[in-house]
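Position 20 of the sequence shown, counted from 1, bears residue number 20 in the UniProt record's numbering, the numbering being contiguous throughout. The next block holds one structure in the form of structure tokens; read it before the comments.
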Amino acid sequence: MYKDKIVRVYENYLPKALGIESYFSVLISLIEVEGSTHLLFEQRSNHLTRQPGEISFPGGKVEPGETPEYAALREAQEELNLEPNFVKIIGPSDYLVTPFNDLIYSFVGFLEVDLEEIKPNDEVESIFTVPLEYFLIHEPIKYEAYIIHEINDDFPYELIPKGKDYEWRIGKYPIYFYIYENHVIWGITARFTYEFVKKLKL
1 MYKDKIVRVY
11 ENYLPKALGI
21 ESYFSVLISL
31 IEVEGSTHLL
41 FEQRSNHLTR
51 QPGEISFPGG
61 KVEPGETPEY
71 AALREAQEEL
81 NLEPNFVKII
91 GPSDYLVTPF
101 NDLIYSFVGF
111 LEVDLEEIKP
121 NDEVESIFTV
131 PLEYFLIHEP
141 IKYEAYIIHE
151 INDDFPYELI
161 PKGKDYEWRI
171 GKYPIYFYIY
181 ENHVIWGITA
191 RFTYEFVKKL
201 KL
């Protein structure tokens, strides 16, 4: 009875991660500084409502109709006030599904401009760079946070095996820290940095 509809829905279906509320995209930004390759980071403006003052890569929300790659490119151009031809995306890196129902894509790209010429917009308090060599030599500090279930009092325990004695799984969420001069690069930005650098060591 439902065979035709099932075929129509699923024969060309593109799988997606369930439970995702928001999609974001960042650009792992590389730039040449005095003959060596650096990673460029932003310190977000203290006036922003989301993560004010924190260190991040250029990036932001994937808008309706955009591909994640286009969003990374657009956000880098907007935040760093760069013309399109100054941002060259090499390709995708890993993506992250956070415990907060966000999916964050990352892309690797070169900023083909002198550092002194970059004048960020008002979403960015400041920018700074770190030599890639620093990350190749220095391992991050790693801390593991634990994600546990917090169940409301009206949860229908009678519908699950063992009821209130059900053994909920506990998740682990790694949090990385890099300390460079007076900058602390941590959280999702540090994790993307770590995974990016790890591949260069293989």
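Don't be surprised by glycine CBs; every beta carbon is placed ideally from N, CA and C. Predicted model, so just to flag it, every value in this text is computed and none were measured.
Spatial neighbours of residue i in its chain, beta-carbon cut-off 7 angstroms, leaving aside the 5 residues before and after
i: T37; result: L30, L132
i: G115; result: Just to set this straight, residue 115 is Leu in the shown sequence, not Gly. Excluding residues within five positions, the ones whose Cβ falls inside 7 angstroms are I31, V33, T129.
i: P52; result: R44, S45, N46
i: I160; result: Y166
Coil, strand or helix - residue i by DSSP
i: P84; result: helix
i: L132; result: helix
i: F177; result: strand
i: P68; result: helix
i: D153; result: coil
i: R169; result: coil
i: Y105; result: strand
i: T49; result: coil
i: F196; result: helix
i: I28; result: strand
i: P10; result: According to the sequence displayed, residue 10 carries Tyr and not Pro. If DSSP states are grouped into helix, strand and coil, Y10 belongs with the helices.
i: K119; result: coil
i: L73; result: helix
i: K164; result: helix
i: G19; result: coil
i: T98; result: coil
i: L202; result: coil
i: G60; result: strand
i: G35; result: coil
i: E158; result: helix
Assumed close pair residue i, residue j - CB separation to whole angstroms, cut-off 8 angstroms
i: R44; j: E125; result: 6 angstroms
i: I147; j: G171; result: 4 angstroms
Close Cβ partners of residue i (< 8 angstroms) along its chain, the five nearest in sequence each way excluded
i: W186; result: I55, I175, Y176, F177, Y178
i: K201; result: L136
i: D4; result: none
i: V197; result: L132, F135, L136
Sub-9 angstroms separation of residue i and residue j beta-carbons
i: L82; j: V113; result: yes
i: residue 203; j: G59; result: Examination of residue 203 is not possible in this model, given that the chain is present from 1 through 202 alone.
i: P120; j: E42; result: yes
i: R191; j: L96; result: yes
i: P99; j: Y173; result: yes
i: V62; j: Y23; result: yes
i: L40; j: I118; result: yes
i: T193; j: P140; result: yes
Cβ-based neighbour list, residue i, same chain, cut-off 6 angstroms, excluding 5 preceding and 5 following
i: E158; result: none
i: E21; result: N101
i: P92; result: F107
Residue i: CB within 8 angstroms of a non-hydrogen atom of the ligand ATP
i: W186; result: Absence of the ligand ATP from the depicted structure is noted, as is the absence of any ligand whatsoever, leaving it without description.
Q.
Does the stretch 77–88 come into contact with the stretch 61–69, if we say contact requires no fewer than three beta-carbon pairs (one atom in each stretch) closer than 8 angstroms?
A. no
Q) If we count Cβ pairs, one from each stretch, closer than 8 angstroms, do we get three or more for the stretch 134–153 versus the stretch 108–126? A) no
Q) For the 8 angstroms Cβ check, are there 3 or more pairs between the stretch 19–33 and the stretch 104–119? A) yes
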